[in-house]
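Protein sequence lines, in the order shown, are assigned to chains D and U. The first sequence lines up with residues 71 to 400 when you count with our numbering. The second sequence lines up with residues 2 to 437 when you count with our numbering. Right, one structure below, let's go through it.
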Amino acid sequence: MLDAKPSTTATKQAKVWTREEIETVVARVIKVGLIAFFAIVTIFPFYWMFNLSMRTETDIIGNPTKLYPSIDQIRTTLHPIGCWLRFGTDNPAINPDLPENCVRVFGQSSYTIVLAQQGFPPFIWNSLILAFLTVTLTLLLAIPAAYAITRLNYPGKNMMSAGILLIYMFPAIVLAIPLFVVFTRTGLRGTLEGLVLVYMSGTLPVALYMLRSYFMTIPPDLEEAALIDGCTYFSTIWRVTIPLATPAIASVALYTFMIAWNEFLYAFLFLVTTRERWTLPLGLQQLNTQEVPVSALMAGSLIVSIPIIVIFIFFERFLTRGLTAGAVKG
Amino acid sequence: MEIIFSIIIWAIIGALPAFYVAYFKRYQLRTALFFGAFAGVLIGEIAVQIGIIATQGSAIVTIFGLAFVAALLLPYGKLEEQITMQGRITQLAYALTIPTALIVLGIVIFPVIWNVIFSVRDIRTADLATVELFNFDSLTLDNFIAQASLRIDTLPCEIDEETGECARDANGNIIYPQARRYFGTEYRGFNEATNFTLGDDYYAISVRNRDFYPMLFRTLFYTLASTILAITAGLVAALLVRDAFPGRGIFRGFLLFPYIAPVISVAFVWQALLRQNGFINELADTRISFLTTSDTWLGLPIPLVMVILFQTWRYFPFAFLFMLARLQAIPDDIYEAAKVDGAAPSQRLWLITLPQLRAVIGTLFLLRFIWTFNKFDDVYLLTGPIESTRVISVQIFELLFTNGNIGQASAVAVVMALMLAVVLAIYFRFFLVEEN
């Protein structure tokens, strides 16, 4: 019907639209609409975090659809952060040199409510330690193991490869119960060391899987040459394989960091009773009560997200490639 | 029993450094392993018991310290003359993989076994400090019974005493007795969940835990819906990004944001957007508490719909990346040929692109299904443990953490693992699309 012959009344100059052309135009219109839709849907919640975190509780309740904070609101929200960074307190009794405009201001800014009044800095510190430990240990264990299962032939190799895949599929909550029991009994519950061990149940399979697929793409010739020239296996791994696999190792490190940084279930189960060891997500979740204003929750959410977003913006290339290579769990 | 277990652990702790010392110093591994295990038990078990070494932590340090000293002082052995190349490679492979294997064994395989054991014992958080972990005397199926037991009974109708036939109510329907009253004490602990008539027989289905089977059904529905929606959205996004347009790189980056951001942050911002006086309600001029209400849309609880939408939003980027990679690998000449043959854009999409994506969609479906099924934190953080979104992982968490009933939590966890196994079996048996 679409490419029907021009009707008899049409003049000779009338353009005949082929199906190809009509569909191309329609597709373009749909495409522009959908691109706008996807862009808004993915970015809007993150923008909304920022928007709400800059405004006061009364303003948020009074104007739920206000799309941006006023300059004044941004100024009042940011000013106490400056005071906090410079003096660490808003109490003139503690610091007599406190300038007038920094006295009792922490309650005015969602960010200082979270950082100063709710005591978030130790949580940031805990999260960082936990993430770095997890990354280091995971790489330390996964690089040699991934090398072995891709390059060496030995009995039990296939079982190990299959085992990794199986763990990949296993529900975290099923592992959580026995680990909870054993950790309570051995006193590991409530320690960051114990939690690092638990996190490795999630990160090791990811790391092994990603590294394995990368090692498979590196031709073994270089390593064989190094071996023939008299390198030991260990120095071959150190001098040849690792330098060649730097991109993959970087993306494994980034992903492991993200997994440890974002993790909630295990942190909640194992640390909730010891406040001084809370991680950022756990601290933030515990903030979700009636007394804490929404703007402070949003400020906390933004504080948790910013490192991840920064990492993503700087290393997008590594991350995107690593993701498809390793089918990173989520 | 506990002592045997502890001896095994110490033997492993001792054998591990001994293995590396023997490997680098080229000794017979078997002797070294035996010696290391023996030393480990001696130091970790006996020395700590007697009191020569204060804590288990310092015992571990001692063991590794001794191994280090041994590695420095011992002369090189002559293993190379006795062993084949393949033997040496196998040893190397073990040297490289053993730490990983031990960790995986310790934090994955071992817990799974324990999970099964806990599921057949009556064990609670409150007496965790005193309970004997290695006591297998009182194994019971009570945990499974309490959660999953189900009985289907046929009931005879109430007899009308005057006519001697089935009694009927005002509308002419036959009256049946309640199962609880009919069976008496034998029925204790059960509740009638539903009843139906099939042919001439009247059936009553009774359960102990009212929410168990609805919960399984809810979990499957939530998983399927989220998986299908996420893959569909990912497909659309991939088709959008395939051809260049200004700002494509930035747009592609944007699309990944929901996937990489911490779940806690995005759950909170969704809560803020969806609250009763939040942005969405104000925009639509409604007052629905989307995440807590017991209202339904099309028979679906609104919070469950929100959880499904949240999962779709959060995980479509994963599907998007995979399908984009596959789309970009389709050679252009197929499209050119189709165009020459007169295929319109919609036909090219339907007849070329989608068939090319079949395999990747199959893989994605499997991965997303499993991971959505396993998901806990997204659901829990978005809505909390309310009934309409209580999927199986949330149910396990609640049993463990709120009820403190480790036995029943483990039993449900076993059910969860079995369901996953069944789904995987069905998938691999019937739906697997061979890649390439």
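Backbone N, C-alpha and C define an ideal beta-carbon position, used for all residues, glycine too. Being a predicted model, the structure only gives us computed values, none of them experimental.
Residue j beta carbon less than 8 Å from that of residue i
| i | j | result |
| --- | --- | --- |
| Trp-11 (chain U) | Gly-58 (chain U) | no |
| Asp-80 (chain U) | Arg-27 (chain U) | Note on residue identity: the sequence assigns Leu, not Asp, to residue 80 (chain U). In contact: Leu-80 (chain U) and Arg-27 (chain U) (Cβ atoms closer than 8 Å). |
| Phe-334 (chain D) | Val-264 (chain U) | yes |
| Leu-222 (chain D) | Ile-90 (chain U) | yes |
| Phe-340 (chain D) | Val-268 (chain D) | yes |
| Tyr-260 (chain U) | Tyr-223 (chain U) | no |
| Tyr-238 (chain D) | Tyr-284 (chain D) | no |
| Val-109 (chain U) | Phe-338 (chain D) | no |
| Arg-189 (chain U) | Gly-405 (chain U) | no |
| Ile-113 (chain D) | Pro-214 (chain D) | no |
| Gly-353 (chain D) | Phe-190 (chain D) | yes |
| Ala-201 (chain D) | Phe-327 (chain D) | yes |
| Val-308 (chain U) | Leu-383 (chain U) | yes |
| Phe-193 (chain D) | Trp-331 (chain D) | no |
| Thr-208 (chain D) | Ala-277 (chain D) | yes |
| Thr-390 (chain U) | Ala-218 (chain D) | no |
| Met-216 (chain U) | Gln-396 (chain U) | yes |
| Ile-44 (chain U) | Thr-63 (chain U) | yes |
For residue i: DSSP bridge partner residues
| i | result |
| --- | --- |
| Ser-207 (chain U) | U:Arg-152 and U:Glu-193 |
| Pro-302 (chain U) | U:Thr-297 |
| Ile-175 (chain U) | U:Arg-169 |
| Asp-202 (chain U) | U:Leu-199 |
| Arg-125 (chain U) | U:Asn-406 |
| Ile-160 (chain U) | U:Cys-167 |
For residue i, the nearest candidate out of the options (CA to CA)
| i | options | result |
| --- | --- | --- |
| Ile-9 (chain U) | U:Glu-46, U:Cys-158 and U:Pro-259 | U:Glu-46 |
| Ala-19 (chain U) | U:Val-70, U:Val-242, U:Ile-175 and U:Ile-4 | U:Val-70 |
| Asn-116 (chain U) | U:Val-423, U:Ala-418 and U:Phe-431 | U:Ala-418 |
| Leu-103 (chain U) | D:Glu-93, D:Gly-233 and D:Thr-256 | D:Gly-233 |
| Pro-28 (chain D) | D:Phe-114, D:Ser-371 and D:Lys-101 | Since the first and last residues shown for chain D are 71 and 400, residue 28 (chain D) lies out of range. |
| Phe-321 (chain U) | U:Thr-228, U:Asp-334 and U:Trp-298 | U:Thr-228 |
| Thr-302 (chain D) | U:Phe-25, U:Ile-13, U:Tyr-21 and U:Ala-16 | U:Phe-25 |
| Cys-158 (chain U) | U:Trp-351, U:Tyr-177 and U:Gln-148 | U:Tyr-177 |
| Leu-240 (chain U) | U:Gly-279, U:Leu-140, U:Thr-354 and U:Tyr-336 | U:Thr-354 |
| Ala-234 (chain U) | U:Gln-357, U:Phe-319, U:Val-22 and U:Gln-92 | U:Phe-319 |
| Ala-96 (chain U) | D:Leu-210, D:Asp-291 and D:Val-111 | D:Leu-210 |
| Leu-258 (chain D) | D:Leu-324, D:Tyr-336, D:Glu-294 and D:Ile-329 | D:Tyr-336 |
| Thr-401 (chain U) | U:Phe-6, U:Ala-127, U:Leu-73 and U:Phe-431 | The sequence shown places Leu at residue 401 (chain U), not Thr. For Leu-401 (chain U), the nearest C-alpha among the options comes from U:Ala-127. |
| Lys-376 (chain U) | U:Arg-349, U:Ser-295, U:Leu-221 and U:Ala-48 | U:Leu-221 |
| Leu-367 (chain D) | D:Val-95, D:Ile-110, D:Ala-109 and D:Met-119 | D:Met-119 |
| Leu-352 (chain U) | U:Ile-335, U:Ala-48 and U:Leu-236 | U:Ile-335 |
| Gly-363 (chain U) | U:Gly-300, U:Phe-431 and U:Leu-301 | U:Phe-431 |
| Val-132 (chain U) | D:Arg-255, D:Ile-164 and D:Pro-248 | D:Arg-255 |
| Gln-356 (chain D) | D:Pro-363, D:Val-364, D:Val-342 and D:Pro-115 | D:Val-342 |
| Val-22 (chain U) | U:Phe-6, U:Thr-32, U:Ala-68 and U:Ser-7 | U:Ala-68 |
| Leu-230 (chain U) | U:Leu-328, U:Gln-312, U:Thr-297 and U:Ala-245 | U:Gln-312 |
CB-CB length for residue i against residue j, believed under 8 Å
| i | j | result |
| --- | --- | --- |
| Ala-238 (chain U) | Leu-256 (chain U) | 6 Å |
| Ala-180 (chain U) | Glu-163 (chain U) | About 25 Å; that fails the 8 Å criterion. |
| Leu-142 (chain U) | Val-113 (chain U) | Contact flag wrong, Cβ pair sits at about 19 Å. |
| Ile-144 (chain D) | Met-124 (chain D) | 5 Å |
| Ala-60 (chain U) | Leu-34 (chain U) | About 19 Å separates the two Cβ atoms, so there is no contact after all. |
| Ala-412 (chain U) | Asn-210 (chain U) | Ala-412 (chain U) to Asn-210 (chain U), Cβ: 11 Å. No contact. |
| Thr-293 (chain U) | Ile-387 (chain U) | 6 Å |
| Ile-243 (chain D) | Phe-398 (chain U) | 6 Å |
| Gln-187 (chain D) | Phe-176 (chain D) | 6 Å |
| Ile-381 (chain D) | Asn-278 (chain U) | About 35 Å separates the two Cβ atoms, so there is no contact after all. |
| Trp-314 (chain U) | Val-111 (chain D) | 7 Å |
| Phe-388 (chain D) | Pro-317 (chain D) | 6 Å |
Heavy atom of the ligand COA within 7 Å of residue i beta-carbon
| i | result |
| --- | --- |
| Thr-204 (chain D) | The model on display carries no ligand, and the ligand COA is accordingly not part of it. |
* How do the segment 246-255 of chain U and the segment 96-112 of chain D stand: do at least 3 beta-carbon pairs fall below 8 Å, yes or no? -> The answer is yes - the segment 96-112 of chain D touches the segment 246-255 of chain U, with three or more Cβ pairs under 8 Å.
* To do: Tell me, please, whether the segment 153-172 of chain D touches the segment 182-190 of chain D by the rule of three or more beta-carbon pairs shorter than 8 Å.
  => In short, these stretches touch, since the Cβ pair count reaches three.
* Asked: Would you say the segment 193-210 of chain U touches the segment 145-164 of chain U, given that touching needs at least three Cβ pairs under 8 Å?
  -> Cβ pair count under 8 Å is three or more, so yes.
* Asked: Hey, is the segment 419-433 of chain U in contact with the segment 369-387 of chain U, meaning 3+ C-beta pairs nearer than 8 Å?
  -> At 8 Å Cβ cutoff, the stretches touch.
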